[in-house]
Amino acid sequence: MNIIADYSILQCPATKQDILPADNDILSQVNNHLNNQEKFTAGLVNESKTIFYPIKQNILFLHQQYSIPLTKEFADNQKMTFDKERIFNYYNEIKYIGFEGKQIYEDADKWVDFRDFVLPYTQYGFSNVRKYIQPKGKYFADVASGPVAFKEYVHLADGYEYRICIDISVNALLEAQYNLQQENQPGIFICADMLALPLKENICDAVVCHHALFHVQKNLQLTAIKEMHRIAKPATNIAIVYDWFYHSRLMNITLGPVQLYRITRHYAGKLYARVFKKNKLYFYSHSRKWFIKNNPGKQIKFYAWRSINKYFSSIYLHKNFGGKKLLQYIWNKERKKPELMGRIGEYAVIVIEK
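Residue numbers (this note's numbering): 611 to 964.
Next comes the structure, spelled out in structure tokens:
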């Protein structure tokens with residue numbers, strides 16, 4: 611089973627060793643311990659032959675939750691923290707719906723305005739990252755790729771030989787396989803933790819991450835950034851789409867009491883999730899100053915991805931009441947002053963040069 615052309619780009623997320631296809635002896639050793647469970651026909655093993663990683667449905671399972679220890683040293687998988695576990699559970703339980711021939715998250719309409727006069731602006735935002743990465747290369751790393759839900763997301767990797775989809779959700783990776791196949795785009799699909807990316811240093815010509823970093827625990831977001839920086843080639847860019855939430859001056863001013871309600875509900879939700887152990891999606895947004903202070907690259911810049919959120923568009927953008935003109939005004943501002951709107955708007959593309 612040749613899921614990936616070059617295994618030398620991979621590393622064991624636990625030991626940082628090379629990983630290679632498991633031979634028949636390793637497969638037999640693993641399968642003999644599975645009792646009545648389905649047997650593995652392919653997998654990977656680290657250089658010291660202490661950890662086995664399954665391959666199934668064209669997915670490389672390089673997440674610690676799916677690893678199988680071959681020695682007592684690695685017999686106890688690290689237990690997830692509550693915040694990490696609820697993110698893992700949320701994305702492995704979420705459902706999908708169809709949109710324009712692609713599979714997207716069932717809850718996408720909470721965050722995306724699909725109305726016909728707003729959709730071109732939204733789709734332009736989906737393509738924004740393309741302006742800040744190299745136009746072509748070999749490996750395009752899509753960290754926390756999800757299902758690669760929209761056609762604009764798929765075409766971000768045009769000009770690259772391989773798109774490496776990395777996500778904690780097996781279902782998302784299966785949907786990503788389907789979505790990429792619709793556009794005949796070659797993909798490598800890896801189930802992995804963005805805090806321990808199973809790729810070697812200086813491998814990727816582009817690294818992108820959409821709407822995922824703020825779902826990592828606040829004290830671990832820098833680890834995730836450093837991992838993305840590590841796998842990028844020198845002189846290339848890492849592009850991270852980030853939600854400023856209450857750091858967005860534009861949304862704070864224009865939404866006023868609605869924004870205050872959002873912030874209050876956000877913190878109440880955090881308390882609710884902890885008290886009742888619910889799989890409510892974790893969220894924490896750092897400020898722009900935090901990113902500047904912790905930048906691991908040569909330089910860091912902030913550009914507009916989408917300046918407004920669904921709350922703003924629901925309140926202010928109405929087709930027959932000047933909504934189209936207001937939207938066009940905002941859109942023009944983003945085009946003319948992308949750095950300003952990236953600082954004050956809701957969503958930014960954070961571009962880190964390695």
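For glycine and all other residues, C-beta sits at the position ideal for the given N, C-alpha and C.
Bear in mind that the values here come from a model prediction, so they are computed numbers and not experimental data.
Distance between beta carbons of residue j and residue i, contact taken as under 8 Å
i	j	result
Ala806	Ala754	So it is not a contact: roughly 13 Å between Cβ atoms.
Tyr706	Glu716	6 Å
Asn905	Ile962	6 Å
Leu766	Val818	7 Å
Leu912	Ile960	In the sequence on display, residue 912 carries Phe and not Leu. Contact holds; Cβ gap of about 6 Å.
Asp803	Cys775	Not a contact, Cβ separation roughly 14 Å.
Asp815	Glu956	With 8 Å as the limit, Asp815 and Glu956 do not qualify as a contact, their Cβ atoms being about 29 Å apart.
Tyr788	Val868	Not quite, the Cβ-Cβ distance comes to about 37 Å (not below 8 Å), so this is no contact.
Gln621	Ile629	7 Å
Glu762	Phe736	4 Å
His896	Gln831	6 Å
Leu672	Ile850	No, Leu672 and Ile850 are not in contact; Cβ-Cβ is about 21 Å, not under 8 Å.
Val764	Leu790	6 Å
Leu936	Leu927	6 Å
Ile918	Ile940	6 Å
Ile619	Lys810	6 Å
His839	Gly933	About 40 Å separates the two Cβ atoms, so there is no contact after all.
Lys843	Asn812	5 Å
Buried versus exposed call for residue i [16 or more other C-beta atoms within 10 Å across all chains shown]
i	result
Gly952	buried
Asp643	In the sequence on display, residue 643 carries His and not Asp. Counting Cβ neighbours within 10 Å, His643 comes out exposed, since fewer than 16 surround it.
Pro757	buried
Asn738	buried
Ala845	exposed
Ser858	buried
Ile863	exposed
Met611	Low confidence applies to Met611: its pLDDT is 39, below 50, so where it sits in the model is not reliable, and the reading given next is rough at best. Flag for Met611 reads exposed.
Gly708	exposed
Lys712	buried
Ala878	exposed
Lys929	exposed
Asp723	buried
Arg916	buried
Arg945	exposed
Phe931	exposed
Pro730	exposed
Lys626	exposed
Leu881	exposed
Leu670	buried
Tyr742	buried
Pro664	buried
Ser779	buried
Under the three-state DSSP convention, the category residue i falls into
i	result
Leu807	coil
Glu963	strand
Val817	strand
Asp616	coil
Val764	helix
Leu630	strand
Glu785	helix
Gly735	helix
Glu657	coil
Glu710	coil
Asp635	helix
Phe698	helix
Lys705	coil
Phe662	strand
Arg773	strand
Leu672	coil
Pro623	coil
Pro757	coil
Asp723	coil
Pro679	strand
Gln748	Looking at the sequence itself, residue 748 is Lys, so the reference to Gln does not match. In the structure shown, Lys748 sits in a strand (DSSP, three-state: E or B).
Phe799	strand
Selected residue, minimal CA-CA separation from residue i, among the options
i	options	result
Tyr747	Leu950, Ala958, Tyr770	This sequence places Gly at residue 747; Tyr is not what is there. Taking only the C-alpha atoms, the option nearest Gly747 is Tyr770.
Gln909	Asp752, Lys964, Ile873	Lys964
Gln667	Glu657, Gly653, Trp915, Pro679	Gly653
Ile661	Gln674, Met838, Ile669, Thr651	Gln674
Lys605	Ile704, Ile665, Val826, Lys659	In the structure as shown, the chain begins at 611 and stops at 964. Residue 605 is therefore absent and cannot be evaluated.
Gly797	Gly879, Asp777, Glu811, Phe855	Asp777
Asp635	Arg872, Lys890, Leu680	Leu680
Asn942	Ala624, Pro631, Tyr734, Pro745	Tyr734
Arg773	Tyr749, Pro664, Ile743	Tyr749
Arg725	Pro948, Ala958, Ser923	Ser923
Ala718	Lys947, Arg875, Ala759	Ala759
Val728	Pro948, Lys947, Ala958, Gln938	Gln938
Asn656	Asn641, Asn702, Thr732, Asp633	Asp633
Glu602	Lys903, Pro808, Leu670, Lys890	Any property of residue 602 remains undetermined from this structure, which presents the chain solely from 611 to 964.
Any non-hydrogen atom of the ligand ADP closer than 6 Å to residue i Cβ
i	result
Asn668	The ligand content of the structure shown is nil, which means the ligand ADP is not present either.
At which residue ranges does the stretch 829-904 contain complete alpha helix (DSSP H) runs of 4 or more residues, listed in the order of the chain? 831-841, 859-865, 867-886, 898-903
Report the start-end ranges of each beta strand (DSSP E) in the stretch 909-964 that is 3 residues or longer and not cut off at the edges. 909-916, 957-963
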